[in-house]
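> Quick one: structure below, then a few questions.
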Amino acid sequence: MATNVCDALREAERQLDQAHIKTPRNDALILLSAASGHRIETLLARPELQVQTRHLCTYWEWIEQRAQNYPLQYLTGRQEFYGRSFVVSPSVLIPRPETEIVVQACLDFLTALERPGTVLDIGAGSGCIVLTLLCEIPHLTACAIDISGEVLRVVAENGRNLGCADRLELLKGSTVDPLRDTDRKFDLVVSNPPYVALSESVDPEVEYEPKRAVYAGQSGFEVYSEILGKAHSVLALSGQLILEAGYGQAAKLATLGRESGWKEIEKRPDLAGIDRCVVFQRQGCAALTRYR
306 MATNVCDALR
316 EAERQLDQAH
326 IKTPRNDALI
336 LLSAASGHRI
346 ETLLARPELQ
356 VQTRHLCTYW
366 EWIEQRAQNY
376 PLQYLTGRQE
386 FYGRSFVVSP
396 SVLIPRPETE
406 IVVQACLDFL
416 TALERPGTVL
426 DIGAGSGCIV
436 LTLLCEIPHL
446 TACAIDISGE
456 VLRVVAENGR
466 NLGCADRLEL
476 LKGSTVDPLR
486 DTDRKFDLVV
496 SNPPYVALSE
506 SVDPEVEYEP
516 KRAVYAGQSG
526 FEVYSEILGK
536 AHSVLALSGQ
546 LILEAGYGQA
556 AKLATLGRES
566 GWKEIEKRPD
576 LAGIDRCVVF
586 QRQGCAALTR
596 YR
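Quick note on numbering: the sequence shown equals residues 306 to 597 in our numbering.
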């Protein structure tokens, strides 16, 4: 049965509100736009517009899933990050605003090099970090590693969509293992690794995200420790290692870094003042003078 935009949004918002979704109106609007193919501005300007039956079928399926906390981004297949649209699927972690702090720290270092730099991204996910860096710095080249072939396919698709796939090498494996038998060195090694402890509770939506990208182990620091122990082998002498930190983890991460032969350069906070990024350099190396 056909219905108009106004009635569809009203009913969808009611269902999502009853399911205690935090932003029912916004989610209903985004999903109707994705299902119908109409821009959000069009839906708001023309509430009397009739929604085709086939689009409504998709819409109500999505509303039912969203009411069960299934991530909005997996339904639309898209997530905005650093001003760009990234393809996402249930095989990849959904890009989050706090990861933009990591990107900014990377950009500050790379632009200070005053020459084409090289980047290694460990655990690429959607590719939001490494591809943003490639888009922002035209002559940069990069390598991204992930243990999942499906994840790498998403990264490749995003690379093609953003026009920088020709400067990105993709390798399948864990941490830096695919580079074990090479002598390659990178100016920057960056990672947003799994950092949630197995005993830690997460938001209902996060339960739908790939567990390998969320949970690190008993303490939450297992993958950090592995990266800190192995990154020396692939980092240039004057390079930087930049790691995203989970809530309340930055201080312990900095300590682990020092114990693994790293010098902490800085921590970077989010808008709430919570440290979300730790920047390391090899112990004994002078920091780049123009950094920051």
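We treat Cβ as the ideally placed atom computed from N, Cα and C, and that holds for glycine.
Apart from the five residues on each side of it in sequence, which residues of its chain come closer than 7 Å, Cβ to Cβ, to P574?
Here the set comprises D580, R581.
> Can you find a C-beta in chain D that's less than 8 Å from the C-beta of L576?
The structure shown contains no chain D; it holds only a single protein chain.
> Anyone know if the C-beta pair for V494 and L540 falls short of 8 Å?
Yes, they are a contact pair.
> Just to confirm the assignment, what range does the beta strand (DSSP E) spanning C599 have?
The first residue shown for the chain is 306 and the last is 597, placing residue 599 beyond what the model contains.
> Are the CB atoms of A307 and Q355 nearer to each other than 8 Å?
The answer is yes: Cβ separation under 8 Å.
> F386 to E405, Cα distance in whole Å?
Distance between the alpha carbons of F386 and E405 is about 8 Å.
> Return yes when the Cβ of H537 is within less than 8 Å of the Cβ of G566, no when it is not.
Closer than 8 Å, so yes.
> According to DSSP, simplified to helix, strand and coil, what is L412?
In the structure shown, L412 sits in a helix (DSSP, three-state: H, G or I).
> Excluding the five sequence neighbours on either side, which residues of its own chain have a C-beta within less than 8 Å of the C-beta of G262, listed in chain order?
With the chain running from 306 to 597 in the structure shown, residue 262 is simply not present.
> Go through the region 406-460 residue by residue and report every complete run of the alpha helix (DSSP H) that reaches 4 residues or more, in order.
Entirely contained in the region 406-460, the alpha helix (DSSP H) runs reaching 4 residues are, in chain order, 433-441.
> Count the other CB atoms, across all protein chains shown, that sit within 10 Å of the CB of S504; report buried if there are 16 or more and exposed otherwise.
Classification of S504: exposed, given that the 10 Å Cβ count is below 16.
> If L473 and L439 are in contact, beta carbons under 8 Å, what's the gap, nearest whole angstrom?
The pair is a contact, with the Cβ atoms about 6 Å apart (cut-off 8 Å).
> What residues in its chain sit with their C-beta under 8 Å from that of I368, if we drop five residues either side in the sequence?
Counting only Cβ-Cβ distances below 8 Å, and skipping sequence neighbours, we find A317, Q320, L321, A333, L336.
> Within a Cβ cutoff of 8 Å, which residues of the same chain sit near T560, ignoring the five residues on either side of it in sequence?
Once the five neighbours on either side are set aside, T560 has no close Cβ partner at all.
> Return the bridge partner residues of Q554 from the DSSP annotation.
Note: Q554 sits in no beta bridge, so no partner.
> Are the region 512-532 and the region 484-491 touching, with three or more C-beta to C-beta distances below 8 Å?
At 8 Å Cβ cutoff, the stretches do not touch.
> What residue range is occupied by the uninterrupted alpha helix (DSSP H) comprising E531?
Element bounds for E531: 527-535.
> So, helix, strand or coil for I326, using DSSP?
Reduced to three states, the DSSP call for I326 is coil.
> So L380 packs on R371, CB below 8 Å; how close in whole Å?
Indeed, because the Cβ distance is near 6 Å, the residues count as touching under 8 Å.
> Compute the Euclidean distance between the alpha carbons of P509 and E419, then round it to the nearest angstrom.
Roughly 44 Å between the two C-alpha positions.
> Starting from R371, trace the alpha helix (DSSP H) both ways and give me its first and last residue.
Segment 358-371, the alpha helix (DSSP H) holding R371.
> Taking DSSP as the reference, what is the three-state secondary structure of R383?
Three-state DSSP puts R383 in a strand.
> Along the chain, where does the alpha helix (DSSP H) containing V519 start, and where does it finish?
Taken as a continuous stretch (DSSP letters only), the alpha helix (DSSP H) holding V519 covers 516-519.
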